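A short write-up of the structure that comes next.
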Amino acid sequence: MPVRTHAPQSPPPVPPIDVMRRPRPSAAATSPASSASSPASGAAKATLVLVKHPKRPPMKQRVTLDDVERQIVQLNTDLPPDMKRRMAKAEFKRLKHCETVRQSRVRKKNERKGLRQVNDELEAELSVMLRAYRRENDWMRFDERSLRDVLFKRFVHSIYEVRGLRGENAELRDQFLLYDALGEQFQRLQDDFQIPRQIGTRTSIGTIHFAELSVEEARDIMVDSHAQATSFFEAMDRVATREEDKTMGWTQHQRITSEGRVQFNFTKRIETVGAEELVDKSWAMYCDFGLYHGIYSSVQKLEILQRINDNTLLIRRDLQEGSSAPIFRTVFLLFRIRLASGYLICFRSHNPKVCVEDDDDPNVQWMEMFYWLLITDPPAVGVGPPPRGCDVTFGGNLLNHRSAKHATIWKYQIAMALLRWESNAAAPLFALYG
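Below you can see the structure in the form of structure tokens.
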């Protein structure tokens, strides 16, 4: 008669001990007779194998009301207890709302990604079917005797027409975005005759886990940045320039690196000021946040995290174009180094390796940043007096190299920032007479 086996019940909880020993098998279980007659005894003698599960990514620790209250107490020790509790409850409510919004955004992003993948697969399958139909049929001639042939070929023509209209629509959208970005930047250029004041910032809770840079780490970043900037400058200096690549005296070059990033480069001879004076003016503007806003953008928050020396700063920047727009956050190293014939001023991002989810706003996105300003003395020609002025090279990496639309917008924003810098540091771009 077959014996029905039942699933073993879970054993009672065992108190934690350092070493767990298996119970010794009984004499009946170890005898040869019992081993030969009972299959269960063979299972009892089997060796236990440790099963290794793949490591899961660490889960984000849930923030509780006690955690928020503890942080508020640390930041505001002089407030009364009732005020601290009210602040903790309000902050905890806001954090829960931010987490809900973030999860909803991630879920919608995944849904859109899945729909795009399905659409790409269907488009690829449709293209295969259309190519097969065009090979087997003369789709440019209609057989009026067959209604099915006429309707089907008209349907094929409409598909190609729709695809052509999609391409035109994408081009028009890119032109509109470019026009909108240029209009906004020109308006901001007019408003920057009066340098805006620094935007006030509020104390944030648990936003960035910051570790100070050592002098050796900063030196490694400087050496790598100098190598990339000079190699690009030397490579592009040998390339012939077309007239359409020149804008307001600036010569433009660009290339794609081995990692797929798009690098740009603007060069110009400025004859009204020398290299030393221009470097001093530029460094003073970059270190003064009020003037920095006038060069790049008045809608950003800046904070010095570490002053390594007089020529090296570690700065945090939050850039937001509008109240509902995403916040682009960067921790970057601002430094200047002396070269054989000039100076190099560089902005190089040094974001945390683990970018913690922002507690202030769920729309925060960490952004890479790599720009350089190379100011050198012009090379001497012949035995005459040295040339006047200096040679300026402004280059770097575009923000989003995978999207042509975003890369174009960022490219023109950088160009407008370059014109602002020239107007403030070298000479005004426009002169009014009369």
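Each residue of the sequence shown is one higher than the one before, starting from 187 at the first, in this note's numbering. We treat Cβ as the ideally placed atom computed from N, Cα and C, and that holds for glycine. What you are looking at is a predicted structure, and each value in this text was computed from that prediction instead of being measured.
For Gly369, verify whether its CB is less than 7 angstroms away from any heavy atom of the ligand SAH.
With respect to the ligand SAH, the structure shown offers nothing to examine, as it has no ligands at all.
Skipping 5 residues on each side, what residues in its chain have a beta carbon closer than 7 angstroms to that of Pro564?
Along the sequence shown, one-based indexing puts residue 564 at 378. So the qualifying residues of the chain are Arg455, Pro573, Gly575, Cys576, Asp577.
Could you spell out where the alpha helix (DSSP H) holding Leu312 opens and where it closes?
Your numbering for residue 312 matches position 126 in the sequence shown. First-last of the alpha helix (DSSP H) with Leu312: 267-322.
Go ahead and pull the three-state DSSP assignment for Asp563.
Here residue 563 refers to the residue found at position 377 when the sequence shown is read from its first residue. Reduced to three states, the DSSP call for Asp563 is coil.
Label Phe521 either buried or exposed according to how many other C-beta atoms from any shown protein chain fall within 10 Å of its C-beta, with 16 as the threshold for buried.
As a working note, residue 521 is residue 335 in the sequence shown. A residue is called buried once 16 or more other Cβ atoms fall within 10 Å of its Cβ, and Phe521 is buried on that count.
With a cut-off of 8 angstroms, do at least 3 Cβ pairs link the region 553-561 to the region 524-533?
yes
Distance, Cα to Cα, Leu358 vs Gly460?
As a working note, residue 358 is residue 172 in the sequence shown. As a working note, residue 460 is residue 274 in the sequence shown. Their backbone Cα atoms lie some 44 angstroms apart in a straight line.
Quick test of your reading: Gln486 and Pro512, contact by CB under 8 angstroms. State the CB separation rounded to the nearest angstrom.
Counting from one through the sequence shown, the residue named residue 486 turns up at place 300. Counting from one through the sequence shown, the residue named residue 512 turns up at place 326. With 8 angstroms as the limit, Gln486 and Pro512 do not qualify as a contact, their Cβ atoms being about 13 angstroms apart.
Starting from Val465, trace the beta strand (DSSP E) in both directions and tell me its first and last residue.
Mapped onto the sequence shown, residue 465 falls at position 279. Here Val465 belongs to no beta strand (DSSP E); instead the alpha helix (DSSP H) covers 461-473.
Assuming His536 contacts Phe518 under a Cβ cut-off of 8 angstroms, what Cβ separation, rounded to an integer in Å, is found between them?
Taking the sequence shown and counting its residues from 1, the one referred to as residue 536 is at position 350. Taking the sequence shown and counting its residues from 1, the one referred to as residue 518 is at position 332. Right, the Cβ-Cβ distance comes to about 6 angstroms (below 8 angstroms), so this counts as a contact.
Residues that DSSP places opposite Tyr478 in a beta bridge
To locate residue 478, count along the sequence shown from 1; it is residue 292. Its beta-bridge partners do not exist; DSSP assigns none.
Could you give the distance in angstroms between the alpha-carbon of Leu491 and the alpha-carbon of Arg534?
Here the question's residue 491 lines up with position 305 in the sequence shown. Here the question's residue 534 lines up with position 348 in the sequence shown. Each residue's alpha carbon lies about 14 angstroms from the other.
Report yes if the C-beta distance between Val342 and Leu316 is below 8 angstroms; otherwise report no.
The residue you call residue 342 lines up with position 156 of the sequence shown. The residue you call residue 316 lines up with position 130 of the sequence shown. The answer is yes: Cβ separation under 8 angstroms.
Where the beta strand (DSSP E) containing Asn495 begins and where it ends:
If you number the sequence shown from 1, residue 495 lands on position 309. Unbroken beta strand (DSSP E) run through Asn495: 486-495.
So, with DSSP's three-state summary, where would you put Val569?
In the sequence shown, residue 569 corresponds to position 383, counting from 1. The answer is coil: DSSP assigns Val569 none of H, G, I, E or B.
C-alpha gap between Glu370 and Leu488, whole angstroms
Position 184 of the sequence shown holds residue 370. Position 302 of the sequence shown holds residue 488. Glu370 and Leu488: Cα-Cα distance of roughly 22 angstroms.
Closest to Met326 by C-alpha separation, out of Ala356, Arg340, Ala318, would be which residue?
Within the sequence shown, numbered from 1, the residue matching residue 326 stands at position 140. Taking only the C-alpha atoms, the option nearest Met326 is Arg340.
Cβ-Cβ distance between Tyr472 and Ile531 below 8 angstroms:
Within the sequence shown, the letter at position 286 stands for residue 472. Within the sequence shown, the letter at position 345 stands for residue 531. Against a cut-off of 8 angstroms, the Cβ pair of Ile531 and Tyr472 comes out as a contact.
Cut-off 6 angstroms between Cβ atoms - residues of its own chain near Glu285, not counting five sequence neighbours on either side
Residue 285 sits at position 99 when you count from the first residue of the sequence shown. Non-local beta-carbon contacts of Glu285 in its own chain, meaning distances under 6 angstroms to residues more than five positions away in sequence, are absent.
From the DSSP output, in three-state form, read off Thr416 for me.
The residue given as residue 416 occupies position 230 in the sequence shown. Three-state result, Thr416: helix.
For Gly300 and Arg288, what's the separation of their Cα atoms in angstroms?
In the sequence shown, counting from the first residue as 1, residue 300 sits at position 114. In the sequence shown, counting from the first residue as 1, residue 288 sits at position 102. In a straight line, the C-alpha of Gly300 is about 19 angstroms away from that of Arg288.
Using the three-state DSSP reduction, which class does Asn139 fall into: helix, strand or coil?
Given that the chain is displayed from residue 187 to residue 620, the structure contains no residue 139 and the question cannot be resolved.
At what residues does the beta strand (DSSP E) containing Arg503 begin and finish?
Here residue 503 corresponds to residue number 317 of the sequence shown, with the count starting at 1. Element bounds for Arg503: 498-505.
Residue closest to Asn323, alpha-carbon to alpha-carbon, out of Arg331, Ala310, Glu309, Phe338
As a first step, residue 323 is located in the sequence shown; it is residue number 137 there, counting from the start. Among Arg331, Ala310, Glu309, Phe338, the Cα nearest to that of Asn323 is on Phe338.
Three-state secondary structure assigned by DSSP to Asn519
Position 333 of the sequence shown, counted from the first residue, corresponds to residue 519. Looking at the sequence itself, residue 519 is Leu, so the reference to Asn does not match. Leu519 falls in the strand class under three-state DSSP.
Given a cut-off of 8 angstroms on the beta-carbon distance, is the pair His611 and Leu464 in contact?
The residue labelled residue 611 in the question sits at position 425 within the sequence shown. The residue labelled residue 464 in the question sits at position 278 within the sequence shown. Looking at the sequence itself, residue 611 is Ala, so the reference to His does not match. Yes, Cβ-Cβ distance for Ala611 and Leu464 is below 8 angstroms.
Kindly give me the distance between the Cβ atoms of Val401 and Ile494, rounded to whole angstroms, as I take these residues to be in contact under 8 angstroms.
Mapped onto the sequence shown, residue 401 falls at position 215. Mapped onto the sequence shown, residue 494 falls at position 308. Indeed they touch by this definition, with Cβ atoms about 7 angstroms apart.
DSSP puts Leu530 in a beta bridge; with which residues?
The sequence position of residue 530 within the sequence shown is 344, counting from 1. Under the DSSP definition of a beta bridge, Leu530 partners with Ile523, Leu560.
Would you say Ile531 lies against chain B (beta-carbon separation less than 8 angstroms)?
Here chain B cannot be found, since the structure has a single protein chain.
Buried or exposed by the 16-neighbour rule on C-beta atoms within 10 Å, applied to Glu498
The residue given as residue 498 occupies position 312 in the sequence shown. Note on residue identity: the sequence assigns Thr, not Glu, to residue 498. Buried, because 16 or more other Cβ atoms sit within 10 Å of the Cβ of Thr498.
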